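These notes are about the structure you will find just below.
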Amino acid sequence: MSNDITIAEICVAACSDIYRHSGELLAHAVGIVPTIGARLAKLTHSPDIILSDGEAFMMSEPPELGKSAAHGGTIEGWAPFSRIFDIVATGRRQSIMGASQIDQYGNQNISLIGDWTKPKRQLIGVRGAPGNTANHRVDYWIARHSARLFVESVDMVSGVGNDRAKAAGLKHHHLGVIITNLAVLDYAENGRVKVLSVHPGVDPQEVTDNTGFPLDASNAPETRLPTDEELLLIRDVIDPRGARNREVPVPQPVA
Amino acid sequence: MPDKRMKLSDAVASIESGMTIGIGGWGSRRKPMAIVRELLRSDIKDLTVVSLGGPDVGLLVAAGKVRKLIYGFVTLDSIPLDPLFTAARERGGLELQEYDEGMFVTGLRAAANRLSFLPTLAGMGSDVLAANPHLKTIKSPYSDDEYVAVPAITMDVALIHANRSDTAGNIQFLGPDPYFDDLYAMAATRTFVSTEKIVPTENLLDEGSFHTLMLSRMYVTGVIETPKGAHFTTCEPDYGRDELFQKHYVASAKDPAAWDAFNAEFLSGDEDAFQAAVERFHAEREKSHV
């Protein structure tokens, strides 16, 4: 089974690992790979985490991937948006978010490109990123690791990085990992992004070349492969249609 | 109990240029679109619009109704960006207060509680503070913590779309999420609610439990029966989003000539004409698929 594992499946397993010590909290995951990762965690090592349908419900059995509670699954709780902000404030939540830019301290931007007063490109806005990063653990999922995304400084700090959090005295700030299609990154003692592992089949130099700030990947270990049990769950139970492989560019088998 | 039924034109006639109006719903979900369309027909301008924005914001901004926007985001949900809003943003010139979603709700809550501000952690360390120089932080009187002091977002008028109402303005939300519509009403001086259906008070519990009666008539100035009044946004469980029409809106909004045609076809008449044009739109699509 393990001879045709895709990058997306490695990333799903890495996303799942985020929840290993989470306990009973709401797993908020933006994107297909993180959503599959949270479901995989619940089916394997972290049965206590709480999934959402992406709308207003907590799900003990999630609906079909990409569908809301109206299409199936088992509702275990009600969490409309007003309750979500209450949950964020209590810290009983973790987010895997996306990013348009990330700098070397993990400051994230999803708001706009260019200048605030007259942006070159208006994006989605800061959304909940400032509040999420001020209140609970946040990880990032980047489907296309590039030097345009990992930049020296971001155009508008939406999710707060380690340097800013320290200066602002944020006690509940916790950046976890950044999972990309090339590597898993985390943060050094000084708050800077470092390489935790490089995916099997990826040249470490490719990670360095596609990052807009200095990042040494030369001595990094390989990211773990999903186990046979995990692959079976990913392929047959959670994502039989293979949506994961469409979210990651060039979904080549790597091992 | 008072009878608060009115027409779209009555509600909008009481809104003046320069006012601050809050628009309920979330993104492209349960927006009071019939009232927004009535605003488009009026000569009201220079509005300050408060919204967790969707096509309400795009349409009002493109029509030149908005001087200032206080928002958490503008999105169409199934389509991430509203082209009318992004175009206006990239042109520059709009006065803006972009908040984190939680900060936005904190500002509503402050207004509803008649406080000048409420503290929150959300926003600390982020560029939301740099982009909003009016925002101040405050030191806790009890610890060494520092918080964002979100000023109250008070409004002259709140506009909401609901599933059901009685004639007195007891409002019922039957869908999975009431969003922050109750807070908007509590933060506003006057609130107008458009509703899918006005029913006798004794029938309000026929379709949902008492938990769905989240907005009391004490906060409601007027109710307007507007079937399909949230179109093309969602109004669960009465109807979902009209995705086909939303796609058409987005495609039209990206091109000036197509936008003129969209305006002529859908927005040049009254609400009945709009709903009839939407029916024609779907009938023609169906015909071309046969």
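Chains as they are written, first to last, in our numbering: chain A, 10 to 264; chain B, 3 to 292. Cβ atoms here follow ideal geometry from the backbone N, Cα and C, with glycine treated the same way. Predicted model only: the values in this text are computed from it and were never measured.
Separation of B/R69 and B/K47 (C-alpha to C-alpha, rounded to the nearest whole angstrom) is 8 Å. Under the Cβ distance rule, B/R243 does not count among the residues neighbouring chain A, no pair being separated by less than 8 Å. Among the residues facing chain B, A/T126 is included, as its CB has a counterpart in that chain under 8 Å away. Counting every other CB atom within 10 Å of its CB across the protein chains shown gives A/A176 a total below 16, marking it as exposed. Residue-level contact check: A/V135 touches chain B, since one or more beta carbons of chain B fall below 8 Å from its beta carbon. Under the Cβ criterion of 8 Å, A/M106 is not counted among the residues facing chain B. In the structure shown, B/M220 falls within a helical segment according to DSSP collapsed to helix, strand and coil. By DSSP's assignment, A/C24 forms no beta bridge with any residue. Contact note: A/P43 does not reach chain B at a C-beta cutoff of 8 Å; the least C-beta distance is about 17 Å. When the five nearest sequence neighbours on each side are left out, the beta carbons in the same chain lying within less than 6 Å of the beta carbon of B/F234 are those of D244, F247 and Q248, in order along the chain. Interface with chain A (8 Å Cβ-Cβ cutoff): B/W261 is excluded. In the three-state DSSP reduction, A/Q103 falls in the strand class (E or B).
In the DSSP assignment, B/E209 falls outside any alpha helix (DSSP H), carrying neither H nor E. For the 8 Å CB-CB criterion, A/I27 and A/D195 do not form a contact. Collapsing the DSSP output to three states places B/N115 in coil.
At least 8 Å separates the CB of A/S61 from every CB of chain B.
By a beta-carbon distance limit of 8 Å, B/Y73 contacts B/S53. Their separation comes to about 5 Å. DSSP, reduced to helix, strand and coil, places A/Q113 outside both helices and strands of the structure shown, so it counts as coil. Put simply, the stretch 204 to 216 of chain A touches the stretch 224 to 232 of chain A. At least three CB pairs are less than 8 Å apart. Within chain A, the residues placing a beta-carbon under 8 Å from that of B/G94 are T126 and K127, ordered along the chain.
Between A/N190 and chain B, the shortest Cβ-Cβ separation is not below 8 Å. Counting other Cβ atoms within 10 Å of its Cβ, A/W150 reaches 16 or more and is therefore classed as buried.
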